[in-house]
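Numbering (the working numbering), first residue to last: 429 to 661.
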């Protein structure tokens, strides 16, 4: 795991790096990289250098750097740091993971980083799909929904439609604890791909819609609210 600290303020960079050293304690393995200039970070990203978490001091970084980072990498976890709330709207625009107001204390920093680690590892969890004596590994965060139709299982991912010989009951038991929710007798949806709920449908990424049953709607709404609350800054 690679964590980047980007700030034109030497004192701010030193504080975040000191917090990272204190947080490390041999528990989690990660490497750190610091940048005084957002343009330098962008140049490295364009060269293909990957980073997983970026602490971005938006008070001392060039304008639109966050948007350009997000355009280059849709998965990187952006954590904004700033003296004022003025940059919160920009944080929403680039889907920032969190927003830390300065002065930053170690407690709020470590809580945020712990959540970032959880998100990092969740993105790397896989699900085994079995079909016709073959086994395939699929990243959980790529699965949008799973449908059971006449005991036939279909998995809709972000770039494919797969079949499975596993039982729907088995899949439900495995995936509900992993962030999926049963929205209909025949549909299991990944909460991370839900974008909204209307009268009788779940709105998912890529313009996909999934039916929602009246009986399950109240529970789905509540779990969706809780999920959004966890992601909100």
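Here a beta-carbon is modelled for each residue, glycine too, at the ideal position from N, C-alpha and C. The structure displayed is predicted, hence computed values, not measured ones.
Reduced DSSP category for residue i - H, G, I as helix; E, B as strand; rest coil
i           : result
residue 642 : helix
residue 506 : strand
residue 581 : strand
residue 460 : strand
residue 511 : coil
residue 497 : helix
residue 449 : helix
residue 530 : coil
residue 478 : coil
residue 650 : helix
residue 483 : strand
residue 538 : helix
residue 565 : strand
residue 490 : coil
residue 576 : strand
residue 430 : strand
residue 555 : strand
Cβ shell of residue i (< 7 Å), same chain only, five flanking positions each side left out
i           : result
residue 556 : 563, 565
residue 444 : 433, 483
residue 527 : 508, 516, 519, 661
residue 596 : 576, 581
Near the ligand FMN: residue i beta-carbon under 7 Å from a heavy atom
i           : result
residue 517 : Of ligands this structure carries none, so the ligand FMN is not represented either.
CA nearest to the CA of residue i, picked from the options
i           : options            : result
residue 569 : 590, 490, 608      : 608
residue 613 : 621, 588, 575, 589 : 575
residue 578 : 615, 457, 475, 437 : 615
residue 561 : 471, 591, 647, 605 : 591
residue 534 : 655, 597, 602, 447 : 447
residue 552 : 567, 558, 531, 538 : 567
Own chain partners of residue i with C-beta closer than 8 Å, once the 5 adjacent residues on each side are dropped
i           : result
residue 461 : 430, 431, 432, 433, 479
residue 473 : 479, 497, 500, 501
residue 490 : 465, 466, 467
residue 648 : 609, 611, 625, 630, 640
residue 522 : 494, 495, 497, 498, 506
Own chain, CB closer than 6 Å to residue i, minus 5 neighbours either side, in chain order
i           : result
residue 459 : 430
residue 584 : 572, 573
- Please confirm if the segment 462-476 is in contact with the segment 511-530, defined as three or more CB-CB distances below 8 Å between the two stretches. No, because fewer than three Cβ pairs between the segment 462-476 and the segment 511-530 fall closer than 8 Å, the two stretches do not touch.
- Query: Taking contact to mean at least 3 C-beta pairs separated by less than 8 Å, is the segment 524-542 in contact with the segment 435-452?
  - Reply: The segment 524-542, when compared against the segment 435-452, does touch it at the 8 Å Cβ threshold.
- Residue ranges of each alpha helix (DSSP H) within the segment 589-649, 4 or longer: Within the segment 589-649, the runs of alpha helix (DSSP H) that reach at least 4 residues and sit entirely inside it are, in chain order, 596-603.
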